[in-house]
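Notes follow the structure.
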Amino acid sequence: MRYGNELKILIAGGGIAGLTIAATLEQRGMRAEIVERAKNYGGVGYVLGIWPAGLNVLNSLGLRSELERIGVRPGMYYAARPNGSALIQAKFGEFSAQYGDNFYLGRAELIDVLRKAVASPIHFGRFITGLRQSEQSVAVTFNDGTTAEYDAVIGADGLRSETRRLAFGEVPLTYHGVTGWAFWTGIDIGSETREIYGPGRFMGFYPSRERPCCFAAASAPRSAPDDAATRRGRLEAMFAGFPEWARAALNSSTDPTIWHDDFLDLRMSRWTNGRVALVGDAAHALLPSAGVGASMAIESAYVLADELSRAPSGRIPDALRRYEQRRRTRVDRVQRQSRQLMWMIRPRNPIVTGVRDSVMRMVPESAFLSMFKPLMESVV
Ligand SMILES: Cc1cc2nc3c(=O)[nH]c(=O)nc-3n(C[C@H](O)[C@H](O)[C@H](O)COP(=O)(O)OP(=O)(O)OC[C@H]3O[C@@H](n4cnc5c(N)ncnc54)[C@H](O)[C@@H]3O)c2cc1C
Numbered sequence: 000m001r002y003g004n005e006l007k008i009l010i011a012g013g014g015i016a017g018l019t020i021a022a023t024l025e026q027r028g029m030r031a032e033i034v035e036r037a038k039n040y041g042g043v044g045y046v047l048g049i050w051p052a053g054l055n056v057l058n059s060l061g062l063r064s065e066l067e068r069i070g071v072r073p074g075m076y077y078a079a080r081p082n083g084s085a086l087i088q089a090k091f092g093e094f095s096a097q098y099g100d101n102f103y104l105g106r107a108e109l110i111d112v113l114r115k116a117v118a119s120p121i122h123f124g125r126f127i128t129g130l131r132q133s134e135q136s137v138a139v140t141f142n143d144g145t146t147a148e149y150d151a152v153i154g155a156d157g158l159r160s161e162t163r164r165l166a167f168g169e170v171p172l173t174y175h176g177v178t179g180w181a182f183w184t185g186i187d188i189g190s191e192t193r194e195i196y197g198p199g200r201f202m203g204f205y206p207s208r209e210r211p212c213c214f215a216a217a218s219a220p221r222s223a224p225d226d227a228a229t230r231r232g233r234l235e236a237m238f239a240g241f242p243e244w245a246r247a248a249l250n251s252s253t254d255p256t257i258w259h260d261d262f263l264d265l266r267m268s269r270w271t272n273g274r275v276a277l278v279g280d281a282a283h284a285l286l287p288s289a290g291v292g293a294s295m296a297i298e299s300a301y302v303l304a305d306e307l308s309r310a311p312s313g314r315i316p317d318a319l320r321r322y323e324q325r326r327r328t329r330v331d332r333v334q335r336q337s338r339q340l341m342w343m344i345r346p347r348n349p350i351v352t353g354v355r356d357s358v359m360r361m362v363p364e365s366a367f368l369s370m371f372k373p374l375m376e377s378v379v
């Protein structure tokens, strides 16, 4: 029976969840091997809000001072209509001070910080092409034709996980009627968060140390054509009714390509199959509407590493099942909440958006902020 450092654990995906698992295992004297499909991390990405749910895990990995250095604590929150009339104003800073810190930071910066906590080898440009399980191990084939045996394989390879396809077959992603774009802007919003709700159109501006990030969204049919070469011009036309400063943000962006994807999420009845487990977006991708996918990925990664670190090789399938049991209720609840929040973004009918705007205007600040309370409680 092999334990701890003798276990051979492969993590597919060196993103937020994959690096968190590796760092947590290392804290417990173990080592994993990471394969990352990308050739390098690069500097691309968007802003992430990290909530106490994820932050407590990052703190436990000794990353607090780095997060203070690279993150911005949110201050005021403003939601308005495209004509500038206010819908909601809330003192997010005070709320965070009461319930727990949260930060906005760039995904690339968070990856840099997590990498500092990981000594396990990361093989870039490498990915799994075949998986075969026996009772004792998982035989893995890689894209370069090499093979190796592991006690456990963790799929932390994101929304369109290949590990998921290999271990569970095709699992459909659910489209929620909205498509989105993200880009870094040159405007100054300090530590404010600003969101603009139009009919079937949304723009949100989120701070980071370097520059704010804009996340724009529009209700649209699934996989509507969105040619990257003409994207900027189409966005300018699509958000023509939005305030001048918001459109200036689009013009100020120096991003060579504006990031784009549909709003998709994923619900699976199982995240584990024998010695293979999925984690983060690969297992439970959440809609960007609640901005909590990374925090949930970090929490799940921590629980998975916790269970793995206590299991001998023969009991790994039981450990992976325990991870799933410990996370299921929490993840389902937050996923439901992310889906409910789509009522703020999706409607395009002027009568429905009129009702939405009235509801938003009437919601007291305390009630609006209390929507975020589940995300402020850390469960690990
Ligand atoms: C625009 C936008 C804004 C968002 N804002 C927020 C926010 O404010 N707060 C928040 O908490 N969440 C946010 N999210 C969600 C968040 O980014 C994800 O939930 C989070 O990144 C999930 O982490 P992960 O490690 O599971 O996946 P990822 O971070 O996607 O990492 C997966 C890694 O696997 C690699 N990979 C892919 N395929 C393979 C393969 N076959 N083999 C090996 N490696 C592979 C990828 O290159 C990547 O490095 C946002 C998402 C989007 C799109």
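According to numbering that gives the first Met the number 0, the sequence shown is numbered sequentially starting from 0.
Virtual Cβ for every residue (Gly too), placed ideally from N, Cα, C.
query	result
Whole-angstrom C-beta distance between R210 and G185, which should lie under 8 Å	6 Å
R23 - DSSP class collapsed to helix/strand/coil	Looking at the sequence provided, one finds Thr at residue 23 rather than Arg. Helix at T23.
Continuous alpha helix (DSSP H) stretch holding G353: start and end	P349 to M361
The alpha helix (DSSP H) enclosing W244, as first and last residue numbers	E243 to S251
Per-residue DSSP class, three states only, for M202	strand
Through-space distance from L307 to G61, alpha-carbon basis	20 Å
W270 and A282 closer than 7 Å at C-beta	yes
Span of the alpha helix (DSSP H) around Q97	F91 to Y98
Beta strand (DSSP E) segment containing T162, residue limits	Not the beta strand (DSSP E): T162 falls in the alpha helix (DSSP H), residues E161 to F167.
Cα-Cα separation between E134 and P316, rounded to whole angstroms	9 Å
Straight-line gap, A276 to G13 (C-alpha atoms, nearest Å)	15 Å
7 Å Cβ cutoff met for F123 and N39	yes
Distance between A22 and A116 (C-alpha atoms, nearest Å)	6 Å
Own chain partners of G83 with C-beta closer than 8 Å, once the 5 adjacent residues on each side are dropped	P242
Where L130 falls: helix, strand or coil (DSSP)	strand
Residues near I344 in its chain [Cβ-Cβ closer than 7 Å; skip 5 each side]	V177, F201, A216 and S288
Residue span of the alpha helix (DSSP H) that contains F367, given as start and end	E364 to S369
C-alpha distance - Y98 paired with T192, whole-angstrom precision	18 Å
Reduced DSSP category for S299 - H, G, I as helix; E, B as strand; rest coil	helix
Neighbourhood of R360 by C-beta, 8 Å cutoff - its chain only, sequence neighbours within 5 removed	A85, L86 and I87
Sheet register partners of G179 (DSSP bridge)	A216 and D260
contact_flag[the stretch 51–60, the stretch 289–299] where n(CB pairs < 8 Å) is 3 or more	yes
Start-end ranges of the beta strand (DSSP E) lying completely within the stretch 277–329, minimum 3 residues	none
I121 CB to nearest heavy atom of ligand 1 below 6 Å	no
Any non-hydrogen atom of ligand 1 closer than 6 Å to L47 Cβ	yes
V291 vs L374 beta-carbon contact at 7 Å	yes
Local conformation of I344 per DSSP, three classes	coil
Nearest neighbour of R208, chosen from F238, M237, G129 and G105 [CA to CA]	G105
Element boundaries [alpha helix (DSSP H), containing G232]	R230 to M237
Per DSSP, cross-strand counterpart(s) of I15	BP columns for I15 are empty, so no partner.
Exposed unless 16 or more other CB atoms sit within 10 angstroms - verdict on V112	buried
Beta-carbon contacts of L368 that lie in its chain and below 8 Å, excluding the five residues immediately before and after	A89, F91 and F94
L286 beta carbon less than 7 Å from that of F262	yes
Beta-carbon proximity list for K7, same chain, < 6 Å, skipping 5 on both sides	Y149 and D150
Neighbour-count burial assignment, E108, 16 or more Cβ in a 10 Å radius	buried
Pair within 7 Å by beta-carbon distance, C213 and A248	yes
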